[in-house]
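Data block below; observations after.
Number of protein chains: 2
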Amino acid sequence: MACKNCLEKPVIKLQNNNVSLCKKCFIEYFEKKVKKTITDYKLIRKNENIVVACSGGKDSTVLLYLIKKITSNRRDIKITALAIDEGIHGYRNKSLEFLKDFCNKQEVELNIYSYKEEFTKSLDEILKTYKGIPCSICGVLRRYLLNKKSKELKATKLATGHNLDDEAQTITMNYFKNNVKMSARLGPIAGIIRDKGFIPRIKPLYFLTEKEVASYAFLKGFMDKFNECPNSPLSYRAQIRDTLNELENKYPGTKNGIISSFIEILPLLKEKYKNDHEVIKSCKICDEPSSQDICKSCYYIETVIKA
Amino acid sequence: MACKNCLEKPVIKLQNNNVSLCKKCFIEYFEKKVKKTITDYKLIRKNENIVVACSGGKDSTVLLYLIKKITSNRRDIKITALAIDEGIHGYRNKSLEFLKDFCNKQEVELNIYSYKEEFTKSLDEILKTYKGIPCSICGVLRRYLLNKKSKELKATKLATGHNLDDEAQTITMNYFKNNVKMSARLGPIAGIIRDKGFIPRIKPLYFLTEKEVASYAFLKGFMDKFNECPNSPLSYRAQIRDTLNELENKYPGTKNGIISSFIEILPLLKEKYKNDHEVIKSCKICDEPSSQDICKSCYYIETVIKA
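Chain order of the listed sequences is A and B.
Per our numbering, the very first residue in the first sequence carries number 101; after that it's consecutive.
Per our numbering, the very first residue in the second sequence carries number 101; after that it's consecutive.
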């Protein structure tokens, strides 16, 4: 099997359509798809201050690199990196070292905020007493800081490295747990309006699979190993991820099918739940947006971290 | 653990909410739920001629028994049983023997139509040359006959034994294969209008799990073993069924979650695809309703059975 475009030696077979591509053509395909997502969904407009949520992992590294590259001739676009140091020993400290070096080379300003400084305890310390699923508390605290800090950095958009696999997992989790309403907030650009205290989130890697993102990161020489958070195997997401990977192997196109189905019903969900932002209040403790009087993050701070 | 209602010895633990029930209370719970579905979704109206699609399996046997029981004091409701003999040796012949006996005892008229007589070949014979997934061709032929024969029997409704597991599987299959549009035709009562040549289909067991239906059939003494079609393990449905069963075991409530999510978005789907029946034509060969010039059934008859 040769590269479909130029007959060179292929480096990857695309999962969905059985097409093989060489390194050069794959990189072209990948970058074109990211640009198309940005254009089709109007992810980047004029005079934007884009804060890229980075972890030092493959997805956000590829995202930062490509947003920088794609907007390189745009003087009206500012790109800044934002990282959250949850405090996961042996994992996040390593990936953040990589990220500092990467941002340095890319000449991107990097802002790191830690659970330890923001909440007085690292995740490792929190998990000494918190016996629930780690991702439950960690996800709430991380999203809280991402929104709060990108607001402080005067972001007009918060870009995240979510790929097609991530989104297919979230859609399936919400469907299986009867949280369809939550899915109305998904899609390549998040629907929640700015003036309610949320920074709009954009996902330029939305239509690229995890395998494709990993391949791009590897072929561009960014990294050659991909570490997983030591806490994530415990999560419901990890279970759904394994299930979808198994189905994808047996029935190629499953993940793409999920995304296509979702894109088809997303406008219906957005319309049905469009008035839901009206019930967004300000948290009585931290003033951040919340559906309850006290936001989930402050709830965890009061009942878990300070306890 | 005693029965939640009467403290008798329990016979079943409901999957979704961990509640244990004794035989009497479970049967009450089950019948109440079927009645509620019939009422809530107006499955049975006045002066109905209900044809029940029966196979001799647990689901349709329970369905026939309960529709008969629930409408026993209704002189304006006629109940008839309709069975399709696909011709699957060692399986369907046995279940139809059981069904004849059951209908006899229940004093319900039973009409059996076979692939052999209708299409000149039994499924076993068809599968000697057809090398695709058996359920693909068999499903098309069976649904074709069910609709055609219930029309000939002047049915106002065609009742089928689909349970919560069946529906959760179909919803998931459609979602994963990007056939969302097909899901607009699901739900406790099928949305396709009568005068396009389709008999409206109703599913009174919609909110009961397969385990609950099997338990009811066993506890009522209808049968004590449940056979699976020898062809079904090859199907995509069987794969999705196993996947959902695994998830249900780890995360009880998964199947209910899928159904609840679906019931939430079903009105949106029905609205979006409401004009789709306008493209229903009459098959040029058999005159049955079809989205193409030639219906799928006639396509199989011409290209597989006659070939």
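The beta-carbon is built from N, C-alpha and C at its ideal position, and this holds for glycine as well.
Bounding residues of the alpha helix (DSSP H) (the contiguous stretch that carries residue i)
i: Tyr400 (chain B); result: Lys396 to Tyr400
i: Asp342 (chain A); result: Tyr336 to Lys350
i: Asn356 (chain A); result: Thr354 to Lys372
i: Glu186 (chain A); result: Run containing Glu186 (chain A): none; DSSP gives neither H nor E here.
i: Gln206 (chain B); result: Arg192 to Gln206
i: Asp224 (chain B); result: Leu223 to Thr229
Bounding residues of the beta strand (DSSP E) (the contiguous stretch that carries residue i)
i: Val151 (chain A); result: Asn149 to Cys154
i: Ser214 (chain A); result: Leu210 to Ser214
With 16 other Cβ atoms within 10 Å as the buried cut-off, status of residue i
i: Phe326 (chain B); result: exposed
i: Met101 (chain A); result: exposed
i: Lys228 (chain B); result: exposed
i: Lys221 (chain B); result: buried
i: Thr403 (chain A); result: exposed
i: Leu344 (chain A); result: buried
i: Thr139 (chain A); result: exposed
i: Leu164 (chain B); result: buried
i: Val415 (chain A); result: As displayed, chain A neither begins before 101 nor continues past 407, which places residue 415 (chain A) out of reach and without an answer.
i: Gln392 (chain A); result: exposed
i: Asp201 (chain B); result: exposed
i: Ala255 (chain B); result: buried
i: Arg192 (chain B); result: buried
i: Ser172 (chain A); result: exposed
i: Gly232 (chain B); result: exposed
i: Ala407 (chain A); result: exposed
i: Asn278 (chain B); result: buried
i: Asp159 (chain A); result: buried
i: Leu369 (chain B); result: buried
i: Arg341 (chain A); result: buried
i: Lys303 (chain A); result: buried
i: His189 (chain B); result: exposed
i: Arg301 (chain B); result: buried
i: Leu107 (chain B); result: exposed
i: Gly357 (chain A); result: buried
Residue from the options with nearest C-alpha to residue i
i: Thr270 (chain B); options: B:Lys257, B:Leu258, B:Ala259 and B:Ala284; result: B:Ala284
i: Glu186 (chain B); options: B:Tyr215, B:Pro288 and B:Phe307; result: B:Tyr215
i: Pro333 (chain A); options: A:Pro234, A:Phe318 and A:Asn247; result: A:Pro234
i: Asn118 (chain B); options: B:Arg192, B:Pro288, B:Pro352 and B:Leu164; result: B:Pro352
i: Ile405 (chain B); options: B:Lys113, B:Cys106, B:Glu225 and B:Thr139; result: B:Glu225
i: Ile167 (chain A); options: A:Leu305, A:Ile127 and A:Leu264; result: A:Leu305
i: Arg337 (chain A); options: A:Val313, A:Lys311, A:Gly239 and A:Leu366; result: A:Gly239
i: Lys248 (chain A); options: A:Glu218, A:Ile237, A:Gly232 and A:Leu264; result: A:Glu218
i: Val280 (chain B); options: B:Gly321, B:Pro367, B:Ile237 and B:Lys355; result: B:Pro367
i: Gly297 (chain A); options: A:Ala314, A:Asn105, A:Leu258 and A:Ile188; result: A:Leu258
i: Gln115 (chain B); options: B:Lys124, B:Gly190 and B:Asp265; result: B:Asp265
i: Glu388 (chain A); options: A:Ile363, A:Ile302 and A:Tyr244; result: A:Tyr244
i: Glu128 (chain A); options: A:Ile365, A:Lys355 and A:Leu308; result: A:Leu308
i: Met323 (chain A); options: A:Val162, A:Glu131 and A:Asn147; result: A:Val162
i: Thr272 (chain A); options: B:Lys355, B:Leu246, B:Glu252 and B:Lys132; result: B:Lys355
i: Ile170 (chain A); options: A:Pro330, A:Phe130 and A:Lys205; result: A:Phe130
i: Lys436 (chain A); options: A:Lys205, A:Leu319 and A:Leu210; result: In the structure as shown, chain A begins at 101 and stops at 407. Residue 436 (chain A) is therefore absent and cannot be evaluated.
i: Ile184 (chain B); options: B:Gln206, B:Asn204 and B:Asn211; result: B:Asn211
i: Ile299 (chain B); options: B:Asn375, B:Phe276, B:Lys372 and B:Asn149; result: B:Asn149
i: Ser360 (chain A); options: A:Thr180, A:Pro330, A:Glu267 and A:Lys194; result: A:Glu267
i: Gln206 (chain A); options: A:Ile179, A:Tyr213, A:Ser195 and A:Tyr230; result: A:Ile179
Close beta carbons around residue i, own chain, < 8 Å, minus the five adjacent residues each side
i: Glu197 (chain B); result: Gly156
i: Tyr213 (chain B); result: Leu182, Ala183, Ile184, Asp185, Leu245 and Lys249
Contacting residues, own chain, Cβ-Cβ under 7 Å from residue i (five flanking each side not counted)
i: Pro110 (chain B); result: Met101, Ala102, Cys103, Ser120, Leu121 and Cys122
i: Lys91 (chain A); result: The structure shown does not extend to residue 91 (chain A), since chain A is modelled only from 101 through 407, so no value can be given for it.
i: Cys398 (chain A); result: Cys383, Ile385 and Cys386
i: Ser241 (chain A); result: The sequence given here places Leu at residue 241 (chain A); Ser does not occur at that position. Cβ within range, chain order: Tyr215, Phe219, Ser397 and Tyr400.
6 Å Cβ shell around residue i - same chain, five flanking residues per side excluded
i: Met282 (chain B); result: Asn274
i: Tyr141 (chain A); result: Pro288 and Ile289
i: Ser315 (chain B); result: Ile112
i: Asn147 (chain A); result: Asp176
i: Ile77 (chain B); result: This structure leaves residue 77 (chain B) out entirely; chain B is present only between 101 and 407.
i: Val134 (chain B); result: Leu166 and Pro304
i: Asn331 (chain A); result: Pro234
request  = Report the residue ranges of all beta strand (DSSP E) runs contained in full by the region 240-323 of chain A; include only those spanning at least 3 residues, in chain order.
outcome  = Qualifying beta strand (DSSP E) stretches, in chain order: 257-259.
Segments assigned alpha helix (DSSP H), at least 4 residues, entirely inside the region 122-179 of chain B = Those alpha helix (DSSP H) runs which fall completely within the region 122-179 of chain B and span 4+ residues are 123-140 and 158-170.
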